[in-house]
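A.B. asks: Chains as they are written, first to last, in our numbering: chain X, 586 to 699; chain R, 3 to 112.
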């Protein structure tokens, strides 16, 4: 399966700042997704990153807060904007062949906001 | 909205005992997938079930998809300490994206 590199692996940020998380895949993939996982909780899909067009956001997530880029079939970024302590979480990217097919996850970014 | 539920939330077993987690969906699933997440790790895909009534085995793990394609189970025979982690089922609802269940956290006492 694809090798997925996500960085940074962790960060501690100040309230009100923004952080961009990168997800690099070693092969071209059709689908890339971004998830949030709060401590001890399940995964919640933030959005599907679409190559060459705007991301598709799930209910409760908006582009102004979580802008996403996907310039090609191997790379995507997620920005967490104007961070508050409630944004402290693990952010994970995943890839898949289609939106109902198995996904493979990166190692995640552990984000803490002070 | 669509929901995926899992029981139990937590399970503590003695090494060698069996373990089962159950996944129930509020609506029919096109397929169901199971993932394992070790403590501090990321979710790892285990298996996908597509057909009604399907049963698949991976060594000590047995996965089953219900006849109505609304529920599934994962059974581990003779647990080992390496089985520790959280097991998630995930359902791609027809025409929509993935919903992960809340997970079952398994701890295995040596």
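Cβ coordinates follow ideal geometry from the N, Cα and C atoms, glycine included.
Give the residues of chain R in contact with residue 685 of chain X, contact being defined as C-beta atoms less than 7 Å apart.
C.D. replies: Working through the first chain from its first residue, we reach residue 685 of chain X at position 100. Near residue 685 of chain X (Cβ distances below 7 Å), the residues of chain R are 32, 33, 94.
A.B. asks: Does the Cβ of residue 637 of chain X have 16 or more other Cβ atoms within 10 Å, making it buried, or fewer, making it exposed?
C.D. replies: The sequence position of residue 637 of chain X within the first chain is 52, counting from 1. Flag for residue 637 of chain X reads exposed.
A.B. asks: So residue 658 of chain X and residue 606 of chain X are in contact, right, with Cβ under 8 Å, and what is the actual spacing, rounded?
C.D. replies: If you number the first chain from 1, residue 658 of chain X lands on position 73. If you number the first chain from 1, residue 606 of chain X lands on position 21. Not confirmed; about 18 Å, so no contact.
A.B. asks: Check whether the Cβ atoms of residue 660 of chain X and residue 609 of chain X sit closer than 7 Å, and answer yes or no.
C.D. replies: The sequence position of residue 660 of chain X within the first chain is 75, counting from 1. The sequence position of residue 609 of chain X within the first chain is 24, counting from 1. Taking 7 Å as the Cβ cut-off, residue 660 of chain X and residue 609 of chain X qualify as a contacting pair.
A.B. asks: Can residue 67 of chain R and residue 49 of chain R be called in contact, C-beta distance under 7 Å?
C.D. replies: The residue you call residue 67 of chain R lines up with position 65 of the second chain. The residue you call residue 49 of chain R lines up with position 47 of the second chain. Not in contact: residue 67 of chain R and residue 49 of chain R (Cβ atoms no closer than 7 Å).
A.B. asks: Find the residues of chain X that neighbour residue 50 of chain R, judging by a C-beta separation of less than 7 Å, and give them in chain order.
C.D. replies: Against the second chain, residue 50 of chain R aligns to sequence position 48. What residue 50 of chain R touches in chain X: 687.
A.B. asks: Shorter than 7 Å from the beta carbon of residue 21 of chain R to some beta carbon of chain X?
C.D. replies: Along the second chain, read from residue 1 onward, the residue named residue 21 of chain R stands at position 19. Not closer than 7 Å to any Cβ of chain X, the Cβ of residue 21 of chain R fails to qualify, so no.
A.B. asks: Helix, strand or coil: which one does DSSP assign to residue 629 of chain X?
C.D. replies: Here residue 629 of chain X refers to the residue found at position 44 when the first chain is read from its first residue. Looking at residue 629 of chain X - three-state DSSP - the assignment turns out to be strand.
A.B. asks: Check each residue of the stretch 618-649 of chain X: if its Cβ is closer than 9 Å to any Cβ of chain R, include it; give the result in chain order.
C.D. replies: The stretch 618-649 of chain X vs chain R, Cβ under 9 Å: 618, 620, 622, 625, 626, 627, 628, 629, 630, 633, 641, 643, 644.
A.B. asks: What are the complete beta strand (DSSP E) segments, minimum 3 residues, inside the stretch 25-106 of chain R?
C.D. replies: As far as the stretch 25-106 of chain R is concerned, its whole beta strand (DSSP E) runs of at least 3 residues are 34-39, 46-51, 57-60, 63-67, 73-78, 87-94, 100-102.
A.B. asks: Taking DSSP's pairing of strands, which residues face residue 668 of chain X in a bridge?
C.D. replies: Position 83 of the first chain holds residue 668 of chain X. DSSP output for residue 668 of chain X lists no bridge partner at all.
A.B. asks: Is the CB of residue 690 of chain X under 7 Å away from at least one CB in chain R?
C.D. replies: By one-based count along the first chain, residue 690 of chain X stands at place 105. With 7 Å as the cut-off, residue 690 of chain X counts as an interface residue toward chain R.
A.B. asks: Taking only the alpha-carbon atoms, compute the straight-line gap between residue 634 of chain X and residue 100 of chain R and give it to the nearest angstrom.
C.D. replies: For the purposes of this step, residue 634 of chain X is taken as the residue at position 49 of the first chain. For the purposes of this step, residue 100 of chain R is taken as the residue at position 98 of the second chain. Straight-line Cα distance between these residues: approximately 14 Å.
A.B. asks: Taking only beta-carbon positions, decide if residue 601 of chain X is within less than 7 Å of chain R.
C.D. replies: As a first step, residue 601 of chain X must be located in the first chain, where it is residue number 16. No, residue 601 of chain X does not count as interfacial toward chain R.
A.B. asks: Out of R:108, R:91, R:107, R:111, point me to the one whose CA is closest to residue 26 of chain R's CA.
C.D. replies: Position 24 of the second chain holds residue 26 of chain R. Considering only alpha carbons, the answer is R:91.
A.B. asks: For residue 44 of chain R, would you say it is in contact with chain X, using Cβ-to-Cβ distances shorter than 7 Å as the test?
C.D. replies: Counting from one through the second chain, the residue named residue 44 of chain R turns up at place 42. Cβ-Cβ to chain X under 7 Å: yes for residue 44 of chain R.
A.B. asks: Taking the CB atoms as reference points, tell me whether residue 620 of chain X and residue 696 of chain X lie closer together than 7 Å.
C.D. replies: Locating residue 620 of chain X in the first chain gives position 35, counting from the first residue. Locating residue 696 of chain X in the first chain gives position 111, counting from the first residue. No, the Cβ-Cβ distance between residue 620 of chain X and residue 696 of chain X is not below 7 Å.
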